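Asks: Same order as they appear, the protein sequences are chains A and B. Just so we're aligned: the first sequence equals residues 0 to 332 in numbering that gives the first Met the number 0. Just so we're aligned: the second sequence equals residues 0 to 101 in numbering that gives the first Met the number 0. Even glycine gets a Cβ: it sits at the ideal position worked out from N, Cα and C. These numbers were taken from a predicted model, which means no experiment stands behind them. After the structure tokens below, expect a handful of questions from me.
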Amino acid sequence: MAEYKGIHGTKVQNYTSDPTNPIIGQVWYNETSQTMKVESVTTAGVWATGGSLNTARQALGGAGIQTASLAFGGGPPPAPTATAITESYNGSAWTEVADLNSQRAYVGGFGTYTSAIAVGGDQYAGITESWNGTSWTTATAIPGASYNNSGTGGADNTSGISFGGGPLGIASYEWNGTSWTSAPALNQARSGLAGSGVKTDAIASGGGSGGGTTNYTNTEIWNGSAWTEVNDLNVAVRRCRGSGSSTSALNFGGNNPPKNGPLAATNESWNGTSWTEDGDLNTARNEMAQGGGNQGGGNSISITYGGGTPGDTAATEEWTGGGVPLTKTITSS
Amino acid sequence: MAKTYQYCVAENWGKGFIEHSESRKIAFSGFPGNVWRVPAHNKDANLWIQKVLGTTKTLAEAQAIVDAEVQAAQAAWDAMPDAEKAPAVENNTRPTDITLEE
């Protein structure tokens, strides 16, 4: 068996306080606390609270990442009284900015906090609006007048994809900055799903059977030209949300089965092959906004805000995945 | 039977209310009415309650707060016209009860 010195080149050293920049795998003795310590990395991710929205609401749209997000639309339960409110997040606080032109809930979104798209919603007109960092401009409506467009992804207001949602729950449409074009449909029709990515790389998971009572575990990935069924979620959830891409994603929150089952705090992490239970949301909720990953990128920039608990919440949660350095005390038990 | 959880009421002020470092040590569960569940007999959880100036509640007290919030949401749903309850937005369903654990 190799000795510590043989691996690291030095003996275990004594310190009066923990070293400031220990190397992963480094072991040392803390003379003050009289403990052996090791620098490791976390294996699971966790959620922390972020700044709260100024207006609590659910069924809102979202775009951006942890340090620069946009929240738009949404409204209070029971049948969301839609708002047009838009708020911008700087990583610590939300600021109200210019409203949508068309108030609505169950609205989809993608892009960044300076270049985003809001699409569909419960006005049943498939209204699309484009955000330029200052104001919203009405653009070409999405065909099918869809709502509950939580399956969305796109880099900015010139490129994206929308999939699933009501009323049919199966169609996909690509956005080129000017108009929507029909694309290959999801294999499993559904609404209230978790969807994220960009126009050429997206992931869809969970969701429900519209007016039916079935919650789905189905996961599909999009390669820019077709949807492919891959390994399922461990838990069937609807009204959930997600972030990330086909190789690194999250699915969190929603409702457990049956259709109107208990609110879920569960969070599953996708590694490109399978889903694994990961750190739960701090507050169970559904119909929240998703950010971080509906503009591409992995799940490490995930953020969620608003939602139903079942009343409206303004709470924001920010995700940090596994792999974060962590000092552990070595014990004999 | 020793209790597994303890409850408190604390207002989520946003950034810093729950830090990533705290979330790694403590299993948090938030409920309506600013009710928070954390492990019982846990030093880190006790320190967090102190930090957020949480008011400790018994299980029954916490359940009553949650029930009041859920019932308010249910009453609002029940008061809707039938036309709005219809699945015009198919996922719009009546809020369900939440039962806290010992």
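#1: Determine the closest residue to Tyr172/A out of Ser32/A, Asn217/A and Ala225/A, with distance taken between C-alpha atoms.
#2: Quick one: Cα of Phe251/A to Cα of Pro21/A, how far?
#3: Helix, strand or coil, according to DSSP, for Arg240/A in the structure here?
#4: Out of Ser245/A, Thr94/A, Met35/A and Arg238/A, which one is the CA nearest neighbour of Trp221/A?
#5: Restricting to Cα atoms, I'd like to know which of Ser149/A, Ile116/A, Ala81/A and Gly253/A is closest to Thr177/A.
#6: What is the rounded straight-line gap between the Cα of Tyr146/A and the Cα of Ile169/A?
#7: For the segment 21 to 33 of chain B against the segment 61 to 70 of chain B, do three or more pairs of beta-carbon atoms, one drawn from each stretch, fall closer than 8 Å, so that the two count as touching?
#8: Excluding the 5 residues preceding and the 5 following Thr31/A in the sequence, name in chain order all residues of the same chain whose CB lies nearer than 8 Å to its CB.
#9: Give the residues of chain A in contact with Glu92/B, contact being defined as C-beta atoms less than 7 Å apart.
#10: Are three or more beta carbon pairs between the segment 234 to 241 of chain A and the segment 194 to 213 of chain A nearer than 8 Å?
#11: Within 9 Å of any Cβ in chain A, is that where the Cβ of Asn11/B sits?
#12: Using CA coordinates, which residue listed in Thr94/A, Gly196/A, Val26/A and Thr272/A is at the minimum distance from Asn233/A?
#13: Rounded to whole angstroms, what is the Cα-Cα separation between Tyr123/B and Phe27/B?
#14: Return the residues of the segment 81 to 93 of chain A that lie within a Cβ-Cβ distance of less than 7 Å from chain B, sorted by chain order.
#15: Are the C-beta atoms of Ala39/B and some chain A residue less than 9 Å apart?
#16: Assuming Ser51/A contacts Ala313/A (C-beta within less than 8 Å), just tell me the rounded distance between them.
#17: Since Trp130/A is in the beta strand (DSSP E), which residue starts that stretch and which ends it?
#18: Suppose you measure from the CA of Gly164/A to the CA of Gly191/A; what does that come to, to the nearest Å?
#19: Would you tell me roughly how many angstroms separate the C-alpha atoms of Ala1/A and Gly8/A, rounded to the nearest one?
#20: What residue does the beta strand (DSSP E) around Asp200/A start on, and which one ends it?
#21: Within the segment 3 to 78 of chain A, note down every full beta strand (DSSP E) run reaching 3 residues or more, in order along the chain.
#22: Tell me whether the beta-carbon of Ala67/A lies closer than 9 Å to the beta-carbon of Tyr112/A.
#23: How is the alpha helix (DSSP H) around Val69/B delimited, first residue to last?
#24: I'd like to know whether the C-beta of Asp17/A is nearer than 9 Å to at least one C-beta of chain B.
#25: Going residue by residue through the segment 104 to 163 of chain A, where are the continuous beta strand (DSSP E) segments of at least 3 residues, counting only ones entirely within it?
#26: One question on the structure: do Asn100/A and Thr133/A come within less than 9 Å of each other, judged by their Cβ atoms?
#27: What number of angstroms, rounded off, separates the C-alpha of Asn254/A from the C-alpha of Thr19/A?
#28: Find the nearest neighbour of Thr95/B within the set Thr308/A, Trp318/A, Glu316/A and Thr315/A, judged by alpha-carbon distance.
#29: Leaving out the 5 sequence neighbours to the left and right, which residues in its chain are closer than 8 Å to Lys56/B when beta-carbon positions are compared?
#30: Hey, Trp179/A and Ile141/A are a contact pair by Cβ (cut 8 Å); roughly how many whole angstroms apart?
Replies: Quick look at the numbers:
#1: Answer by Cα proximity: Ala225/A.
#2: When rounded, the separation of the alpha-carbon atoms in Phe251/A and Pro21/A is 33 Å.
#3: Arg240/A falls in the strand class under three-state DSSP.
#4: Of the listed residues, the one whose Cα sits closest to Trp221/A is Ser245/A.
#5: The candidate whose alpha carbon is nearest that of Thr177/A is Ile116/A.
#6: Distance between the alpha carbons of Tyr146/A and Ile169/A: 12 Å.
#7: Inter-segment contact for the segment 21 to 33 of chain B and the segment 61 to 70 of chain B is present: three or more beta-carbon pairs are separated by less than 8 Å.
#8: If we look at Thr31/A and ignore the five residues flanking it on each side, its Cβ neighbours are Thr15 and Ser16.
#9: The amino acid occupying residue 92/B in the given sequence is Thr; Glu does not appear at that position. When 7 Å is used as the limit between beta carbons, Thr92/B is near these residues of chain A: Lys258 and Asn259, in chain order.
#10: Yes, since at least three Cβ pairs between the segment 234 to 241 of chain A and the segment 194 to 213 of chain A fall closer than 8 Å, the two stretches touch.
#11: For Asn11/B, a Cβ of chain A is located within less than 9 Å of the residue's own Cβ.
#12: Looking at Thr94/A, Gly196/A, Val26/A and Thr272/A, the one whose alpha-carbon comes closest to that of Asn233/A is Thr272/A.
#13: Residue coverage of chain B in this structure runs from 0 to 101, which leaves residue 123/B outside it and unanswerable.
#14: Listed by position, the residues of the segment 81 to 93 of chain A near chain B (Cβ gap below 7 Å) are Ser91.
#15: Taking Cβ atoms only, chain A never reaches closer than 9 Å to Ala39/B, which makes this a no.
#16: Contact between Ser51/A and Ala313/A holds, since their C-beta atoms are separated by about 4 Å, short of 8 Å.
#17: First-last of the beta strand (DSSP E) with Trp130/A: Thr127 to Trp130.
#18: Distance between the alpha carbons of Gly164/A and Gly191/A is about 6 Å.
#19: Straight-line Cα distance between these residues: approximately 12 Å.
#20: The continuous beta strand (DSSP E) containing Asp200/A extends over residues Asp200 to Ser204.
#21: For the segment 3 to 78 of chain A, whole beta strand (DSSP E) runs of length 3 or above, ordered along the chain, are 12 to 14, 26 to 29, 34 to 40, 45 to 49, 60 to 64 and 67 to 71.
#22: Result yes, Cβ atoms of Ala67/A and Tyr112/A sit closer than 9 Å.
#23: Start and end: Leu58 to Asp77.
#24: Not one chain B Cβ lies under 9 Å of Asp17/A.
#25: If you keep only unbroken beta strand (DSSP E) runs of at least 3 residues inside the segment 104 to 163 of chain A, you get 107 to 110, 115 to 118, 127 to 130, 135 to 138, 151 to 155 and 158 to 162.
#26: Result no, Cβ atoms of Asn100/A and Thr133/A do not sit closer than 9 Å.
#27: Distance between the alpha carbons of Asn254/A and Thr19/A is about 43 Å.
#28: When only C-alpha atoms are compared, the closest one is Thr308/A.
#29: Listed in chain order, the non-local C-beta contacts of Lys56/B below 8 Å within the same chain comprise Tyr6, Cys7, Val8, Val34 and Ile64, local neighbours out to five positions each way being set aside.
#30: At roughly 5 Å, the Cβ-Cβ gap stays under 8 Å, so Trp179/A and Ile141/A are in contact.
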